[in-house]
Amino acid sequence: MDKITFTKFIINPKMFWSNFFLLGFFILLGFACSHYMELEGHYVTGMNNQIVWGLPHIFAVLLIVIASGVLNIASISSVFDKKLYKPLAPLSALLAISFLIAGLVILVLDLGRPNRLIVAMTTYNFKSIFSWNIFLYSGFTVVLAAYMWTMLDREVNKYSKFMGTFAFGWRIILTTGTGSIFGFLVAREAYSTAILAPLFIVMSLLYGTAVYYLILRLISKFHDTYITTDILDNLKKLSVMFLFANLYFLGLYHVTNMYIAKHLDFEIFILSSGGIYTISFWVGQVFIGIILPIIILSSNKLCTHLALTTSSILILIGSFIAMYVIIIGGQAYPLTIFPDHIIIDSSFFDNVVHSYIPSVYEFGLGIGGIALALIIVLVGIANFKFLPTMISSLHKKQAAEKSSDS
Amino acid sequence: MKDSARLTRREFMVKSFTAISTVYIIPDLIPKAVASKPLDAEVSAKTEWAINVDVTKCVDGCTACVDACVDENGLYGFDRPETDSQWIRKLQIKDIRTEQVTTLPMMCQHCENPPCVDVCPTGASFRREDGIVMVNQHTCIGCRYCMMACPFKARSFVHENLTEQVTSSPRGKGCVESCNLCVNRIDHGSETTACEEACMKEGHNAITFGDLANPDSRVSLAIKTKPSRRLREDLKLKQRVTYSGF
Chain A
1 MDKITFTKFI
11 INPKMFWSNF
21 FLLGFFILLG
31 FACSHYMELE
41 GHYVTGMNNQ
51 IVWGLPHIFA
61 VLLIVIASGV
71 LNIASISSVF
81 DKKLYKPLAP
91 LSALLAISFL
101 IAGLVILVLD
111 LGRPNRLIVA
121 MTTYNFKSIF
131 SWNIFLYSGF
141 TVVLAAYMWT
151 MLDREVNKYS
161 KFMGTFAFGW
171 RIILTTGTGS
181 IFGFLVAREA
191 YSTAILAPLF
201 IVMSLLYGTA
211 VYYLILRLIS
221 KFHDTYITTD
231 ILDNLKKLSV
241 MFLFANLYFL
251 GLYHVTNMYI
261 AKHLDFEIFI
271 LSSGGIYTIS
281 FWVGQVFIGI
291 ILPIIILSSN
301 KLCTHLALTT
311 SSILILIGSF
321 IAMYVIIIGG
331 QAYPLTIFPD
341 HIIIDSSFFD
351 NVVHSYIPSV
361 YEFGLGIGGI
371 ALALIIVLVG
381 IANFKFLPTM
391 ISSLHKKQAA
401 EKSSDS
Chain B
407 MKDSARLTRR
417 EFMVKSFTAI
427 STVYIIPDLI
437 PKAVASKPLD
447 AEVSAKTEWA
457 INVDVTKCVD
467 GCTACVDACV
477 DENGLYGFDR
487 PETDSQWIRK
497 LQIKDIRTEQ
507 VTTLPMMCQH
517 CENPPCVDVC
527 PTGASFRRED
537 GIVMVNQHTC
547 IGCRYCMMAC
557 PFKARSFVHE
567 NLTEQVTSSP
577 RGKGCVESCN
587 LCVNRIDHGS
597 ETTACEEACM
607 KEGHNAITFG
617 DLANPDSRVS
627 LAIKTKPSRR
637 LREDLKLKQR
647 VTYSGF
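Taken in order, these protein sequences are the chains called A and B.
Using my numbering, read the first sequence as starting at 1 and increasing by one per residue.
Using my numbering, read the second sequence as starting at 407 and increasing by one per residue.
Here it is in structure tokens:
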């Protein structure tokens, strides 16, 4: 009977280094963009005193949400004892740590004073969810590192279930914290609701699964990776379940907002009169990001691989647009300072829907962050045994290599 | 025996040093000694700094308070209204029912329960015992979470390099800032803010600053004579800036 073992990513050195340098180039580009923004000040970006969080935050929050969600595969294996997913668990933890680091780097490099990171790491205001998140994010990397160790080292393998459960609990709290960054903003109609926390959790499950599948698929193009039809069918079912969960919580979030009288105007804005934000919501977040993937995954006309690949790409396009709607759309809608009045004149744009055109530097920083996540994955799988491989196929490969050498 | 008419080298050195000290050091100490009294006094909750704005006295088109704030704090912009700092701004609002148009100044409302202080990760955004809400420019990391949290859009982010800074009001690129009730003036014993002073000079007297804890202060009297209200009272932030006449 075939046995599963873990191997390093066996790749042609030329291909490894070309990918390494390509990703390295984007990382340097990201750093250069960030350095320019710090040197000149944020006026060179599209952000201003109205839209204070922009494209870097879309990238950063998305990467952090993905980081939490991508651990889903490992959680299913360890926490819910699903043996099917066990071979895929170590890679899942590596992806989680990579995306988390990338998200945090973007967030830090977009600060007005990134040189004061040490202040953020040493001075805390425990009333702030941001402070808690600093602990949750840095703690998560430690928990993930320990979890990976228990999965990869046979001597401590007996603790992997415990560490998996611990990491699962940690990431649920972490995503709750990320959603609460927005949920705790009482002044803005778009936020100020606790539903954002579970919404972010289901978003993380969906986006994380999509990213996991796409990366596994990419790796399997170069490396004989263990993916059975059972796993594929299961991933498909999981994705459909997460898509419906997203639709449910998204609907609940908007219905709740419509029910709160003071949030109604914002709902009308985002759902019908918000121009680019309304179009982004319906076409991007709902149709491309949720409805279309449900249709593709539910139809039997496409093979499982193709259906999963297409739907995962659509889910990720939708995820980016969803973050745009939540982060930019939420700020674009002007604050209600005078509920019984209309502001007819202001030098500070109090009475207009704010516009936001991101700059190339913000985009460069975001892309640099994604490249950073991918380079950590590349170096990780090339140096440590993360990839599940069938022993029989490994033997075949080694035998083939030996015969070609001789 | 020592010759009293002639100075020894040591005596010469001591006397010279004393003379130089008298000429150079003492004049420097005098103004500091005068200023040190209010600066050394501990900020306490016994003082409750507040502002009342009588919107019926605020004149449409007048920007004296805004101009005074710019001069006081060196808020010279770069002709980029979307990114330039504004600590105080003039708004014109219309009542939805009566269609009455009102003009008023808008600045940090110095909440007793300030959301900006709650969300600040480093505690750089803080509230003093006397009610002044301000930003510690040394520990602000520029995350802008306070700007997301403020219901009054009272805060600005310094988007570019500054050149014409005022020593009494230090600012820094990459930090968030807002009205601090002219804290530097107040701590040096002044009883008025730049905006109130300018409004009084114009003869409008729409802005009244003072200590709420003192029943005879200008602001206490202003609030007693005319009913006032806080903006967004539903948020229960208990702002120290109140508005009368609308």
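Note that CB positions come from ideal geometry on N, CA and C, so glycine has one too.
Item: Please determine if the segment 65-82 of chain A and the segment 204-211 of chain A are in contact, where contact requires at least 3 C-beta pairs separated by less than 8 Å.; Value: yes
Item: In terms of residues, what are the limits of the beta strand (DSSP E) holding Y649 (chain B)?; Value: 647-650
Item: Which partner residues of V572 (chain B) appear in the DSSP bridge assignment?; Value: B:S575
Item: Rounding to the nearest angstrom, what Cα-Cα distance links P511 (chain B) and V352 (chain A) in this structure?; Value: 18 Å
Item: For R635 (chain B) and chain A, any beta-carbon pair shorter than 8 Å?; Value: no
Item: How many angstroms separate the CA atom of H263 (chain A) from the CA atom of F269 (chain A)?; Value: 10 Å
Item: CA-CA distance, A60 (chain A) and I367 (chain A)?; Value: 10 Å
Item: Within 8 Å (strictly less), CB to CB, does S347 (chain A) reach chain B?; Value: yes
Item: Look up K500 (chain B) in the DSSP assignment and say whether it is helix, strand or coil.; Value: strand
Item: For H724 (chain B), which residues of its own chain have a beta-carbon under 7 Å away from its beta-carbon, when the five flanking residues on both sides are left out?; Value: Any question about residue 724 (chain B) goes unanswered here, given that chain B covers just 407 to 652.
Item: Counting only the same chain and skipping the five closest in sequence on each side, list residues whose C-beta sits under 7 Å from that of I296 (chain A).; Value: L302, A307, T310, S311
Item: For K500 (chain B), which residues of its own chain have a beta-carbon under 8 Å away from its beta-carbon, when the five flanking residues on both sides are left out?; Value: Q506, V507, T508
Item: Would you list the one or two residues that DSSP bridges to L387 (chain A)?; Value: A:T7
Item: When you compare only the Cα positions, how much space is there between I11 (chain A) and P56 (chain A)?; Value: 33 Å
Item: Looking at the secondary structure, which residues open and close the beta strand (DSSP E) in which R533 (chain B) lies?; Value: 531-533
Item: Would you say the segment 150-165 of chain A touches the segment 184-192 of chain A, given that touching needs at least three Cβ pairs under 8 Å?; Value: no
Item: Looking at the C-beta of I260 (chain A), does it have a partner C-beta in chain B at a distance below 8 Å?; Value: no
Item: Does F21 (chain A) pass the burial test, meaning 16 or more other C-beta atoms within 10 Å, or should it be called exposed?; Value: exposed
Item: If we cut at 8 Å on Cβ distances, does C526 (chain B) have a partner in chain A?; Value: yes
Item: Please state if the CB of L378 (chain A) and the CB of N421 (chain A) are separated by a distance shorter than 8 Å.; Value: Only positions 1 to 406 of chain A appear in this structure, which leaves residue 421 (chain A) out of reach.
Item: For a contact defined as C-beta to C-beta under 9 Å, what are the partners of T123 (chain A) on chain B?; Value: P527, T528, G529, A530, T545
Item: If you reduce the DSSP assignment to three classes, tell me which class W669 (chain B) lands in.; Value: Past the edges of chain B, shown from 407 to 652, lies residue 669 (chain B), and the structure says nothing about it.
Item: Drop a sphere of 10 angstroms on the beta-carbon of H341 (chain A), count the other beta-carbons inside from all chains shown, and report buried for 16 or more, exposed for fewer.; Value: buried
Item: Three-state secondary structure (DSSP) at L637 (chain B)?; Value: coil
Item: Do the segment 168-180 of chain A and the segment 35-48 of chain A touch if we need at least three Cβ pairs shorter than 8 Å?; Value: no
Item: Please report the distance separating the alpha-carbon of R534 (chain B) from that of N48 (chain A).; Value: 28 Å
Item: The alpha helix (DSSP H) that contains D230 (chain A), what's its start and end?; Value: 229-259
Item: Figure out for me which residue from A:I328, A:T304, A:K3, A:V142 has the closest Cα to the Cα of G275 (chain A).; Value: A:I328
Item: Using the beta-carbon count (16 or more within 10 Å), is M1 (chain A) buried or exposed?; Value: At M1 (chain A), the pLDDT of 46 sits below 50, so the modelled position is not reliable; the number obtained from the coordinates is stated separately. It counts as exposed.
Item: At 7 Å on the CB atoms, spell out the chain A contacts of Y551 (chain B), in chain order.; Value: F130
Item: Counting only the same chain and skipping the five closest in sequence on each side, list residues whose C-beta sits under 6 Å from that of D110 (chain A).; Value: P56
Item: Roughly how many whole angstroms lie between the Cα atoms of I58 (chain A) and Y324 (chain A)?; Value: 6 Å
Item: Between the segment 93-122 of chain A and chain D, which residues of the former have CB atoms less than 7 Å from a CB of the latter, in chain order?; Value: Judged by its chain identifiers, the structure shown contains no chain D, and its protein chains are A and B.
Item: Closer than 8 Å by C-beta to M241 (chain A): which residues in its own chain qualify, once you throw out the five before and the five after it? Chain order, please.; Value: none
Item: How about G529 (chain B) and T123 (chain A): are their beta carbons less than 8 Å apart?; Value: yes
Item: If you measure beta-carbon to beta-carbon, which residues of the segment 42-62 of chain A are closer than 7 Å to chain B?; Value: H42, Y43, N48, N49, Q50, V52, W53
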